[in-house]
Amino acid sequence: MEENVKIEPDETAERIRDYLRDHPELRKDQYDGRDNTVEGLCYVAAEVYFHATGGTDSDLDIYCLSWSDVDPSYTGTHWYLRKSDCGTWIDLGVEDIRDTEPIPFESGTRRAFITGYEPSKRSIQVLEAIDELPDPETIRD
5 MEENVKIEPD ETAERIRDYL RDHPELRKDQ YDGRDNTVEG LCYVAAEVYF
55 HATGGTDSDL DIYCLSWSDV DPSYTGTHWY LRKSDCGTWI DLGVEDIRDT
105 EPIPFESGTR RAFITGYEPS KRSIQVLEAI DELPDPETIR D
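Sequential numbering from 5 applies to the sequence shown in the numbering used here.
What follows is the structure in structure tokens.
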């Protein structure tokens, strides 16, 4: 197990993961069929945590791993964060810390979310539910 990986680093992450487990409708269609898990919700989990902890003012960097870079027969992507001050990887989109073992975090690419630095509709739903919606004045493009 990668010791520098956290799947639930604090209470905010716990609340996000609990909400996502209870709302499988937030999963994209290709990930349907999984009950009571955060699997298939890595994008929204990372995006919500990023915004709930300060967005561009946080010390978090956004990463996306294209699975085809790991193995050409794989498809899809995996989204996660990295604390820039200490290098800890934060991956709220796996159910158990043991699930992070095969993930080559360093192979991911640092980037913005698909919606840039503004929360997506799915993220806004979660942020409102956990009472962490950022002030619109603090969101930057």
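Each residue gets a CB set at the ideal place from its N, CA and C atoms; glycine is no exception.
Could you please give me the residues that DSSP links to residue 86 through a beta bridge?
What you label residue 86 is simply residue 82 of the sequence shown in a count that begins at 1. Answer by DSSP bridge pairing, in chain order: 65 and 93.
Per DSSP, residue 114 is paired with what?
Counted from its first residue, the sequence shown places residue 114 at position 110. Residue 114 is bridged to 67.
Which of the three DSSP states, helix, strand or coil, is assigned to residue 44?
In the sequence shown, counting from the first residue as 1, residue 44 sits at position 40. Three-state DSSP puts residue 44 in coil, outside helix and strand.
Could you say if the region 38-46 and the region 84-102 meet the contact criterion of at least three C-beta pairs nearer than 8 Å?
Judged by Cβ distances under 8 Å, the region 38-46 makes contact with the region 84-102, as three or more pairs qualify.
With a Cβ-Cβ cutoff of 8 Å, do residue 10 and residue 92 count as a contact?
The sequence position of residue 10 within the sequence shown is 6, counting from 1. The sequence position of residue 92 within the sequence shown is 88, counting from 1. Yes.
Please report how far the alpha carbon of residue 101 lies from the alpha carbon of residue 24, in whole angstroms.
As a position in the sequence shown, residue 101 is number 97, starting the count at 1. As a position in the sequence shown, residue 24 is number 20, starting the count at 1. When rounded, the distance between both Cα atoms is 17 Å.
Is it right to say residue 60 is buried, meaning 16 or more other beta carbons lie within 10 angstroms of its own, or is it exposed?
Here the question's residue 60 lines up with position 56 in the sequence shown. Exposed, because fewer than 16 other Cβ atoms sit within 10 Å of the Cβ of residue 60.
Below 8 Å, how does it come out for the region 68-84 and the region 12-21: are there three or more Cβ pairs, yes or no?
With a cut-off of 8 Å, the region 12-21 and the region 68-84 do not count as touching, because too few Cβ pairs lie within range.
Which stretch, first to last residue, makes up the alpha helix (DSSP H) that contains residue 16?
Sequence index remark: in the sequence shown, residue 16 carries index 12 (1-based). Where residue 16 is concerned, the enclosing alpha helix (DSSP H) stretches over 15-26.
For residue 58, name the three-state secondary structure that DSSP assigns.
Numbered from 1 along the sequence shown, position 54 holds the residue referred to as residue 58. Coil at residue 58, not helix or strand.
In terms of residue numbering, what span does the alpha helix (DSSP H) encompassing residue 126 cover?
Here residue 126 refers to the residue found at position 122 when the sequence shown is read from its first residue. Residue 126 -> alpha helix (DSSP H) spans 125-133.
For the putative contact between residue 113 and residue 68, defined by C-beta atoms under 8 Å, what is the C-beta separation to the nearest angstrom?
Residue mapping note: residue 113 aligns to position 109 of the sequence shown, counting from 1. Residue mapping note: residue 68 aligns to position 64 of the sequence shown, counting from 1. Between residue 68 and residue 113 the Cβ distance is about 6 Å, and since that is below 8 Å, they are a contact.
Consult DSSP for residue 52 and reduce its assignment to one of helix, strand or coil.
For the purposes of this step, residue 52 is identified with residue 48 of the sequence shown, where counting begins at 1. Three-state DSSP puts residue 52 in a helix.
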